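Take any residue in the sequence shown, count from 1 to its spot, add 16: that is its number in our numbering.
Note that CB positions come from ideal geometry on N, CA and C, so glycine has one too.
Nothing here was measured: the structure is a model prediction, and the numbers come from that model.
Below: the structure, in structure tokens.
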Amino acid sequence: MKETADILKAYHQAQKEGKKTALATVVKVEGSSYRRPGARMLITEDGTLTGAISGGCLEGDALRKALSAIVQQENKLITYDTTDEEDARIGVQLGCNGIVYILFEPIKEEEEFNPIRMLSKLQSRREDAVLATLFSLNSREQAGTYMVYREGESLLKARNEALISDAQEVYRSKSSGFYTYPSPHGKSEAFLEFVRPVISLVIAGAGNDAQPLAEIAYLLGWEVTVVDGRPSHASAQRFPNANRILIAKPEQALAQTPIDEQTAFVLMTHNYNYDLALLNALLDTRAAYIGSLGPKKKLVRMLDELNRNTREHSGRVYGPIGLDIGAETAEEIAIAIVAEIKSVFTGASAQFLKEKKAPIHVYENGKT
Numbered sequence: 017m018k019e020t021a022d023i024l025k026a027y028h029q030a031q032k033e034g035k036k037t038a039l040a041t042v043v044k045v046e047g048s049s050y051r052r053p054g055a056r057m058l059i060t061e062d063g064t065l066t067g068a069i070s071g072g073c074l075e076g077d078a079l080r081k082a083l084s085a086i087v088q089q090e091n092k093l094i095t096y097d098t099t100d101e102e103d104a105r106i107g108v109q110l111g112c113n114g115i116v117y118i119l120f121e122p123i124k125e126e127e128e129f130n131p132i133r134m135l136s137k138l139q140s141r142r143e144d145a146v147l148a149t150l151f152s153l154n155s156r157e158q159a160g161t162y163m164v165y166r167e168g169e170s171l172l173k174a175r176n177e178a179l180i181s182d183a184q185e186v187y188r189s190k191s192s193g194f195y196t197y198p199s200p201h202g203k204s205e206a207f208l209e210f211v212r213p214v215i216s217l218v219i220a221g222a223g224n225d226a227q228p229l230a231e232i233a234y235l236l237g238w239e240v241t242v243v244d245g246r247p248s249h250a251s252a253q254r255f256p257n258a259n260r261i262l263i264a265k266p267e268q269a270l271a272q273t274p275i276d277e278q279t280a281f282v283l284m285t286h287n288y289n290y291d292l293a294l295l296n297a298l299l300d301t302r303a304a305y306i307g308s309l310g311p312k313k314k315l316v317r318m319l320d321e322l323n324r325n326t327r328e329h330s331g332r333v334y335g336p337i338g339l340d341i342g343a344e345t346a347e348e349i350a351i352a353i354v355a356e357i358k359s360v361f362t363g364a365s366a367q368f369l370k371e372k373k374a375p376i377h378v379y380e381n382g383k384t
């Protein structure tokens, strides 16, 4: 979602400067690729790129294709095949042993359902959504970014009952997938992308060790809230990129902090009683991640003191916090914490990728 936010910001800047733009989207991958379906990049007519559709190997040729789409004012689907010697001759040379399909869409501001408006709709609320992108491998007609669906509402270019039904299935299963529909030109494919709100990270504690954690989370595009009872520590000067800074007691902090299933809470105030009060309240929330800085015995003591040291409650709290990467400094500890939070939200094992037997990315439901 940070990529989407960056693209929207870049688009509005281009609009102010009177520059034409196009959106490039990875819609399908066969085999291996650096980026998977849903990766996007905005291209302006002067060659400015925001986002990424590869590790850098496609961007040069993608710029040329995007400019062509802007000039001709029509959507284009381009195939990059690593097994095709022609790609090597034009300088693409993916090196990923895969076939990548990129959809290029010129942005027409006057169109009610242009891709930017669809992406803006995604970011309008902190709610799950499904984004549908339609394309065809055997036709010049490319429908493009087509629909944003949320439970009970949808924004789409034209009524399509089958598409809406499949979007509802993706929404319920919380799993992106590919679908095929008949069209006047044979058939069209759709990538239905399940999109969750960005992670909201609440850092309880405004000490020096919280600063690198807030900065790394900001770089990832997470929403960052810093909570502390000390005005001298919880300040915009110390946390310039935090979305919110709260100076509050534990009970006040929770009352002012929206918590949903995309919320991670880190207890690192170095104040035992403050952490204790927050932990007691957090165990009754929907927070997907609760982490406690400090030794295991501290966490056990807090749960015992609260009379809540059950398997269910102890299983919800990550303490000592972070992955075991041998972290020592505040910056290294911040990396370990962020990595653990990311693995919890994605359900990843956090193992070495060299030891993983399955593909790195799994995004296709197999339904056609």
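DSSP, read as helix, strand or coil, puts Asp97 in strand. Around the beta-carbon of Glu128, fewer than 16 other beta-carbon atoms lie within 10 Å, marking it exposed. Rounded to the nearest whole angstrom, the CA to CA distance from Arg51 to Ile69 is 6 Å.
Linking Met57 to Leu65 through their CA atoms gives a straight-line distance of about 7 Å. By DSSP's assignment, Asp244 forms a beta bridge with Ile263.
In the DSSP assignment, Gly221 falls outside any beta strand (DSSP E) and carries neither an H nor an E. Going by DSSP, Met163 is part of the beta strand (DSSP E) stretching over Gly160 to Arg166. Closest in alpha carbon position to Ala21, among Ile132, Val116, Leu74 and Gln31, is Ile132. Within the segment 130–187, complete beta strand (DSSP E) segments of at least 3 residues are found at 145–151, 160–166 and 169–172, given in chain order. Its chain contains Asn296 as the residues whose beta carbon lies nearer than 6 Å to that of Leu322, once the 5 sequence neighbours on both sides are disregarded; these appear in chain order. Residue pairing from DSSP leaves Phe368 without any beta-bridge partner. Comparing C-alpha distances from Ala269 to each of Leu39, Ala220 and Gly67 shows the shortest one belongs to Ala220. In the displayed model, Arg56 falls within a strand according to three-state DSSP. The C-alpha of Ala30 lies about 34 Å from the C-alpha of Thr362. For Ser359, the three-state secondary structure derived from DSSP is helix. Contact annotation: Ser192 and Leu208 have beta-carbon atoms nearer than 8 Å. In the structure shown, the three-state DSSP call for Ser308 is strand.
With contacts defined by Cβ atoms closer than 8 Å, Lys25 and Thr60 do not form a contacting pair. Spanning the alpha carbons of Tyr197 and Ala159 requires a straight line of approximately 12 Å. Inclusion of Ile351 and Ile215 in the CB contact set at 8 Å is not warranted, their separation being larger than that value. Ser84 and Glu121 have their C-alpha atoms roughly 10 Å apart. In this structure, Thr273 sits away from Ala206, with a CB-CB distance that is not shorter than 8 Å.
Runs of the beta strand (DSSP E) spanning 3 or more residues and lying entirely within the segment 284–330 occur at 305–308, in chain order.
Annotation: Phe368 to Tyr305 spans about 22 Å, alpha carbon to alpha carbon.
Within its own chain, the residues whose Cβ lies closer than 7 Å to the Cβ of Glu167, once the five positions on either side in sequence are excluded, are Tyr187, listed in chain order. Pairing Leu283 with Leu309 gives a Cβ-Cβ distance under 8 Å. Assigned with DSSP and collapsed to three states, Thr20 falls in helix.
In the DSSP assignment, Gly114 forms a beta bridge with Gly47. Judged by beta-carbon spacing, His201 lies within the 8 Å limit of Ser152, meaning their Cβ atoms are closer than that value. Shown here for Val360: same chain residues with a beta carbon closer than 6 Å to its own, the five before and five after excluded, namely Tyr305 in chain order.
The beta carbon of Thr241 sits closer than 8 Å to those of Ser216, Leu217, Val218, Ile219, Ala258, Asn259, Arg260, Ile261, Leu262 and Thr273, all from its chain and outside the five residues before and after it, given in chain order. Taken atom to atom, the span from the alpha-carbon of Gly245 to that of Asp300 is near 22 Å. The beta-carbon separation of Val333 and Asn325, rounded to 10 Å, does not stay under the 8 Å limit for a contact. Of the residues Gly63, Gln88, Val87 and Ile86, the one whose Cα lies closest to the Cα of Gly76 is Gly63. When Ile118, Glu125, Lys81 and Ile86 are compared, the shortest CA-CA separation from Lys32 is found for Glu125. A Cβ-Cβ distance of about 6 Å is found for the pair Gly223 and His286, placing them in contact under the 8 Å criterion.
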